Every structure is written in C-alpha cells, then in structure tokens.
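**Q**
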C-alpha cells in the first residue's frame, strides 16, 4: 500500500470515530430499545456483508451453525485473498456513501464497526499473513476433526455434503502448499518451533485403510432411520474418497512440509518488513497504537504490582518466604492436585454450576440463556482449557473444554479463576450475550475464531475485547464474593501475573532481541506455572506474535473505564449497567470507551 493509500485509510478511520462520537450526546444509553432497529439501507448493507462472509468462507459458516455450505471449503488461493481485498473495498465505498444519510446512534455505531471490519482487512492484506497457513497449532491436520464435528448428520443430504467436502479437500491442501511455497519465495516463513511435530501429525491422515483415518469417524454413526443399504453406500464411497483422493493429497503436503525452509530467528521482526508487520499485528490484536516498548514497560509495571498483592497473601498465610519460593512450594504440593481425570472434570463442573453461576446475578443484568457445557478433552499438547462459543441458532451449546490429560498438573487454586475466564462471567457470558443481543446485526454477533496465523491480514477478531473481557471477568470474583479463600485468591493473582508476563516476553522476543530461553526464564521466575507449561506457552507466542498482548491490554482498559465511571458517577454508578454497556458495545476498544463515556455523560 502506498503512502497516499495509507493516509486515506487513516483519514477514513478518523472520520469514522468522529462521526460516531458526535452522535453520543443525543442518546441516553447506547443500544437502547428505541435505537434497536437499523435503517433499511444499512440493514441491507450489513446483511449483504455477512452473507458474503458466509458464502466466501464456508468453514466459518459451519462454525457459526449455518449449514448451507457444508459441502465446501474456504478458498485459500492467492486470487481468493486478493478478491476479498477488492470486495472489502467495494463494501467500504458503499458504507462511505451511506454514512451521510444516517442519524440514529445505533445506525452510526453499527456502521462504524462495519467500517472497522473492512479497514482492518484492507490495511492488513498487504502484509500477507496468510502465507504461513500450517503450524503445530493450526492447519487442516489440527482443525479438521473439530470442523467435521460441527456439521449436521441428520439426513442423507448431510452425508452427501460430507462426502462432497471430503472430495474437495485435496484442492485446499494444494492451495496450502502453494501459499507456503510463495512464503518461502518472499522470505515469509515460520520458525522451527512452529513446525515441530507437523509432519508426524500429517502422517496420521496418510492411510491405506479408510478406517485408520481421523476422517472416518462421522461414517461410523448414522441416524436410526437409515437403511443398511444407505449406510453401506456412504461408507463405501467415503472410503474410496479417503484412500483414493484425500490420503494422497495429505502425502503430497506432508512430503513438502518435510523439506520446508524455516526462519532461524524466533522474532517476527526478522522477516522482511518485520518491524512494521509486528506493529500492525499489535494494532490488530489490541486496537491501539501502543509501541512494543510501551507495552513491554506496561508488563513490567504490572508484574511488580501483582507480585505485591501475592506477597500480601503469602504473609497472610503465615509464611516467611518470597513469592517465587511460595509458588514453588505450592506447585509441588500434591494436595493441590486431583488424582484422576474424572475428579478434575467433576471439580470444574461443580465450580461452574454450583459455585459461580449462583453469584452471576450480583454483577450482571440481562444474563444470557444459552447453555454452558463443561466437558473433558484430553490432549497431551493442548492448552489447559479453552472455550468454543455456541452456534448462532442455539443448537450447539457453548462448551468450556477442560484438558483432562494433565489432571495432575492443574492446581486446584487456579481452577476458580480459570472457570470464570472460560465460562461465566467470561467468554461464555460475553459470547452468548452478543449472539442473543437484539441490538446487534448478525455480523457483530459472531467472531471468526479461527486462523490466528493470518493476523493482520484478515477480518478482525476484536481480540482485546474478547480476551480482555475474559481476564477482566476473573477479577469479578471479588465482587461476587468468590475469593474468600487465600489460596483461590493467590491462584487468581498467579493467573493475572501470567498475562502480565505475556506483555513482557512477547515484545521481548519479537521486538527487543530476547531469546526463547530468556522468555522462558522470565515467566518461570514470575509465575506459578511448571517449566513445561511455560515452554508450551512461549512456543505459542512464537506461533502467534501479538495475540497474547490482548488479554492484559483489554483488561486494563476495562478497569480504567470502570474506575472512571465510579469516580464521575458517584452514587449513580451501577456495576450491572456498566457491564451491560460494555457487552452491548462489542468491538474495538475505542468504540467501547466512547460508549461508556456516553453512558456516564447521560447520567451525571
């Protein structure tokens, strides 16, 4: 993108913010019922945009529970990414033309979010983050089984879509290889850390017997009304596709990956135009213009502050030792761990359903109705826990997945805060609130929570809002009277300092010359995590530079806004209403700040 184009985009962003801010003085509460409906012209535009996103990215459609395109894959060819760039520009022109005709706050706010979506892709596209589509954290060898589990398997048409999708898979695998080859040609490649184990995982899809493939699973179970003849037909055709088409395609990709050229330096800034790439990634994940140096210092300051809180608890418990010494003691104390996977899962379920859920009404109004399921997912190389939002039609619940494989490495004192982050009042409450909100058009209700590697060359995830909310939600344990036990409180701070350390090590590795070992040592010194956990985490930061910054930066912004509201509103401040305003403002942090300020000004 040339300088003129970049300046034009900056001007558009500035106008986008200014127009929305000017409308804030005429409303009482953002997203109020009187502003709920969009103008017909804007409704048509956002519907066209969302429908295009679904058609253009069939895997995204499957993810959100729309099954019209379950026979297709996302087009990952280079022309497809160029086409998305062109289409985004077309939508932006339409949005710009429509803006002067809008006056309602809800219209202008939704237009602002739409334009932010489009500008994020347009500004990020030239960096071509999509040239590294395969790693040990992402790619078809990682994501396929989950994608297939989201599909419908109720009718013969559903199974026809499955076989059609399988039959088209070799084309996408070839596109992935082409992207990687292009990346090698221009010097945009992954580090060895990101590729460790990928060949072995791909080997699992290279089979001579279909039943040995991970793709065989959906062909083992059929609805009761299927005849044996139908079952045999689907299994026979499926086996032929898996062994005759899919397996050879995986073999070809596997052979290429085995010779893939990686970069020697862990820093993303070691790539061509790497410094500007990292700054753009930071903007993508934090929706701020903070520099790596500023973020690094923020992290150091937060580590110092949180260690002070942890030291108070150590003293309260009667121990005469430092925070690292106390952390080392309790992380090696077997009484803080469960003896088996079943007990660990039951412990999380009890916390979610019986301890946390009854307290949620203390700090929230308009609590979503969406179901939350807590399930075990043993995975030796996976995270300790993660959350997947429910489908937009409510047919699939939100799921808080607990990694039960490492049951003996998940301390009880961290379980409460982890549950609050992933479930209620964290990701589940926030995600379900967006899905159920009558004030948000569909494009704002769901987030394409896939393909992190593409940042900044993709549509936004509003990472600082999503992950910042998850971390902020952990702190609500104080208002919900859940942190009375000092060990649970220590566990909360140990998780918070973990996120603060991310600010230090991510910027350290990618901008300030830190080695992988320096990052590991820093986190081991300042957190209560095991060395294995920390090594896996640091590997994640190599895979996804900048993503880990979003948690603390978003959390700090929410805390700043809450403190401001309390100070300016005095007795009129209502924490439930504050949360409602933030949740209804889902989007980049500057939008949320404007909406909170408007709420404050409408009351004082």
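In my numbering, the protein residues as written are 24 to 627.
Note that beta-carbon positions come from the ideal geometry of N, C-alpha and C, so glycine has one too.
What you are looking at is a predicted structure, and each value in this text was computed from that prediction instead of being measured.
Throw me the rounded Cβ distance for the residue 308 and residue 478 pair, which I believe falls under 8 Å.
**A** That belief holds up - the Cβ atoms of residue 308 and residue 478 are roughly 7 Å apart, short of 8 Å.
**Q** Just to confirm before moving on: does the CB-CB distance between residue 397 and residue 410 stay below 8 Å?
**A** Not in contact: residue 397 and residue 410 (Cβ atoms no closer than 8 Å).
**Q** Measure the alpha-carbon distance for residue 242 versus residue 256 and round it to whole angstroms.
**A** Taking the straight line from one Cα to the other gives about 11 Å.
**Q** Under the rule that 16 or more other beta-carbon atoms within 10 Å means buried, what is residue 85, buried or exposed?
**A** When all chains shown are included, residue 85 counts as buried.
**Q** Judging by CA-CA distance, which residue of 76, 584, 133 and 115 is the nearest neighbour of residue 61?
**A** That would be 133, whose Cα lies nearest to the Cα of residue 61.
**Q** Taking the beta strand (DSSP E) that residue 396 belongs to, which residues open and close that run?
**A** Per DSSP, residue 396 belongs to the beta strand (DSSP E) from 395-399.
**Q** Whether or not the stretch 338-356 and the stretch 590-605 are in contact is what I'm after, with contact meaning three or more pairs of Cβ atoms, one per stretch, closer than 8 Å; do they touch?
**A** The stretch 590-605 vs the stretch 338-356: no contact.
**Q** If you reduce the DSSP assignment to three classes, tell me which class residue 469 lands in.
**A** Here residue 469 sits in coil by DSSP.
**Q** Please name the residue in 269, 294 and 432 whose C-alpha comes closest to that of residue 211.
**A** Considering only alpha carbons, the answer is 294.
**Q** What is the DSSP secondary structure of residue 282, counted as helix, strand or coil?
**A** Here residue 282 sits in coil by DSSP.
**Q** Quick check on DSSP: helix, strand or coil for residue 147?
**A** Residue state, collapsed to three classes: helix.
**Q** List the residues that DSSP assigns as beta-bridge partners of residue 421.
**A** BP columns for residue 421 point to 395.
**Q** Might you give, ordered along the chain, the residues of its own chain that have their beta carbon closer than 6 Å to the beta carbon of residue 90, omitting 5 neighbours on each side?
**A** Counting only Cβ-Cβ distances below 6 Å, and skipping sequence neighbours, we find 175.
**Q** Kindly indicate which three-state DSSP category residue 551 falls into: helix, strand or coil?
**A** Of the three classes helix, strand and coil, the one that applies to residue 551 here is coil, per DSSP.
**Q** Are the stretch 129-144 and the stretch 608-620 in contact at 8 Å, needing three or more beta carbon pairs?
**A** With a cut-off of 8 Å, the stretch 608-620 and the stretch 129-144 count as touching, because enough Cβ pairs lie within range.
**Q** Pull up the distance between the alpha-carbon of residue 153 and that of residue 317, whole angstroms please.
**A** Going by the C-alpha atoms only, they are around 28 Å apart.
**Q** Would residue 363 be called buried (16 or more neighbouring beta carbons within 10 Å of its own) or exposed?
**A** Per the 10 Å Cβ criterion, exposed.
**Q** Taking the beta strand (DSSP E) that residue 495 belongs to, which residues open and close that run?
**A** It is not in any beta strand (DSSP E) - residue 495 instead sits in the alpha helix (DSSP H) that spans 486-498.
**Q** When you compare only the Cα positions, how much space is there between residue 161 and residue 594?
**A** Their Cα atoms are separated by approximately 49 Å.
**Q** Do you know how far the Cα of residue 528 is from the Cα of residue 545?
**A** Cα to Cα, residue 545 sits roughly 8 Å from residue 528.
**Q** State the Cα-Cα distance for the pair residue 282 and residue 334, rounded to the nearest angstrom.
**A** For residue 282 and residue 334, the distance between alpha carbons rounds to 50 Å.
**Q** Using DSSP with H/G/I as helix, E/B as strand and the rest coil, what is residue 131?
**A** Correct three-state label for residue 131: helix.
**Q** Between the alpha carbons of residue 280 and residue 494, how many angstroms are there, rounded?
**A** Computed Cα separation, rounded: 36 Å.
**Q** Could you tell me which residues DSSP pairs with residue 408 in its beta bridges?
**A** Residue 408 pairs with 425.
**Q** Could you tell me which uninterrupted alpha helix (DSSP H) segments, each at least 4 residues in length, are contained entirely in the stretch 222-276, listed from first to last along the chain?
**A** Entirely contained in the stretch 222-276, the alpha helix (DSSP H) runs reaching 4 residues are, in chain order, 251-264.
**Q** Using a Cβ-Cβ cut-off of 8 Å (strictly less than) and excluding sequence neighbours within five positions of residue 78, which residues of its own chain qualify?
**A** So the list reads 84 and 92, once near-sequence residues are dropped.
**Q** Identify, in the order they occur along the chain, each residue of the same chain with its Cβ nearer than 7 Å to the Cβ of residue 214, setting aside the five sequence neighbours on each side.
**A** Within the same chain, residue 214 has close Cβ partners 285, 286, 289 and 565.
**Q** Rounded to whole angstroms, what's the CA-CA distance from residue 518 to residue 572? Just pull it up for me.
**A** Between residue 518 and residue 572, the C-alpha separation is close to 14 Å.
**Q** Within a Cβ cutoff of 7 Å, which residues of the same chain sit near residue 273, ignoring the five residues on either side of it in sequence?
**A** Excluding sequence neighbours, residue 273 sits near 196, 225, 228 and 229.
**Q** Leaving out the 5 sequence neighbours to the left and right, which residues in its chain are closer than 7 Å to residue 558 when beta-carbon positions are compared?
**A** If we look at residue 558 and ignore the five residues flanking it on each side, its Cβ neighbours are 543.
**Q** Does the Cβ of residue 50 have 16 or more other Cβ atoms within 10 Å, making it buried, or fewer, making it exposed?
**A** Here residue 50 scores only 29 on pLDDT, less than 50, and its place in the model should not be relied on; the value that follows carries that caveat. Residue 50 comes out buried.
**Q** So, under 8 Å CB-CB, residue 147 and residue 481 are touching, yes? Tell me the CB distance rounded to an integer number of Å.
**A** Yes, residue 147 and residue 481 are in contact; Cβ-Cβ is about 7 Å, under 8 Å.
**Q** Classify residue 90 as helix, strand or coil using the three-state DSSP reduction.
**A** If DSSP states are grouped into helix, strand and coil, residue 90 belongs with coil.
**Q** Under 8 Å: do the stretch 171-189 and the stretch 103-119 share three or more Cβ pairs, one atom per stretch?
**A** They do not touch, by the three-pair rule.
**Q** How about the stretch 500-511 and the stretch 522-541: do they share at least three Cβ pairs that are nearer than 8 Å?
**A** Counting Cβ pairs under 8 Å, fewer than three are found: no touch.
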